[in-house]
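Note that the numbering used here has the sequence shown beginning at 468, numbered continuously upward.
This report concerns only the one structure given below.
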Amino acid sequence: MGICIEDIENLLIKGEWTKADIETEKLIFSFCNSGKNLWLTPEDIDLIPLDTLARLEMLWTTYSQGRFGFQVQEQVHNRVRAELNNNPRDSIKQIISNVLYGNNDSMSNKEALMVPYFFGVEVGWIEGHPMDSLGAYGREKNYEELTFNLSAPVGHLPCKTWWTLNNQAKRISIEALFKKYGILGMSGCIVKYSCSVKLHFFKRVRIANQRFSKI
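In structure tokens, the structure reads:
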């Protein structure tokens, strides 16, 4: 049986957040032509119908009372980026900048390295330090450890979609990563790829909301 968006709505109405998250991920990636590669590209994300993204966004936002959804995640993401760029620790910024090199893809190299960590902390996916603390990198939670209720941090859900994207990134060949992002080191390439895809997905959702705001 195919994934039905009405089933996702029924799960959200009943507060079955885990099941709704899993079904949302299945629906989103059912449209992507990822079979031609072992990983997703921005072109694959463009295959997701805009009306589907807009409806999903509306459902998650409505039944979470504005706490969950891709749009609120983008807001957190943008705030983290802004705070990172305004952080006074210029010496730390310079060290970060020296670690990564390559194309910008709408996100600077230091952002590509640091934003995923601080974003994960803010939305509760990573046990770590908040933006105002330097500290050591934290531990990424397992999916089963996440909070599937309205007490979760703003932007905590949906998250299964991002777990899939991160796993996809680990399947990309070193040659493909280096060709696009330069000599960043393997971990740096994976982070940069994930950031570029995440930004493209946010943009796709934003366009969907603008075109189908009444759905």
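Cβ coordinates follow ideal geometry from the N, Cα and C atoms, glycine included.
Leaving out the 5 sequence neighbours to the left and right, which residues in its chain are closer than 8 Å to L632 when beta-carbon positions are compared? Within the sequence shown, the letter at position 165 stands for residue 632. Scanning its chain for C-beta atoms nearer than 8 Å, with the 5 sequence neighbours on each side dropped, one finds around L632 the residues L507, S661, V664, K665, F668, in chain order.
With C-beta atoms as the reference, is E524 less than 9 Å away from G536? Locating residue 524 in the sequence shown gives position 57, counting from the first residue. Locating residue 536 in the sequence shown gives position 69, counting from the first residue. Note that the C-beta distance between E524 and G536 is below 9 Å.
Do you know how far the Cα of V543 is from the Cα of Q677? In the sequence shown, residue 677 corresponds to position 210, counting from 1. In the sequence shown, residue 543 corresponds to position 76, counting from 1. Between Q677 and V543, the C-alpha separation is close to 19 Å.
Taking the alpha carbon of L520 as the reference point, which residue from N552, A487, I472, P509 has its own alpha carbon closest? Indexing the sequence shown from 1 puts residue 520 at position 53. Closest in C-alpha terms to L520, from the list N552, A487, I472, P509, comes I472.
By DSSP, does E483 sit in helix, in strand, or in coil? For the purposes of this step, residue 483 is identified with residue 16 of the sequence shown, where counting begins at 1. Coil at E483, not helix or strand.
Close Cβ partners of A619 (< 7 Å) along its chain, the five nearest in sequence each way excluded: Taking the sequence shown and counting its residues from 1, one reaches residue 619 at position 152. Closer than 7 Å at Cβ, skipping near neighbours: G591.
With 16 other CB atoms within 10 Å as the buried threshold, where does I480 fall? The residue given as residue 480 occupies position 13 in the sequence shown. Exposed, since its Cβ has fewer than 16 Cβ neighbours within 10 Å.
DSSP state of I470, grouped into three classes? Looking up residue 470 in the sequence shown gives position 3. Coil at I470, not helix or strand.
For Q561, count neighbouring C-beta atoms within 10 Å of its own C-beta (all shown protein chains included) and say buried if the count is 16 or more, exposed if not. Numbered from 1 along the sequence shown, position 94 holds the residue referred to as residue 561. Reliability of the predicted coordinates at Q561 is poor, the pLDDT of 47 falling under 50, and no value is obtained from them.
Quick check: what's the CA-CA separation for C626 versus A487? Residue mapping note: residue 626 aligns to position 159 of the sequence shown, counting from 1. Residue mapping note: residue 487 aligns to position 20 of the sequence shown, counting from 1. One Cα belongs to C626, the other to A487, and the distance between them is close to 10 Å.
Under the three-state DSSP convention, the category R671 falls into: Residue mapping note: residue 671 aligns to position 204 of the sequence shown, counting from 1. In this structure, DSSP gives R671 a helical state, which the three-state scheme calls helix.
Keeping to the same chain, check which residues put their C-beta closer than 7 Å to that of W484; ignore five residues upstream and five downstream. Your numbering for residue 484 matches position 17 in the sequence shown. Cβ neighbours of W484 beyond the five flanking positions: F615, N616, L624.
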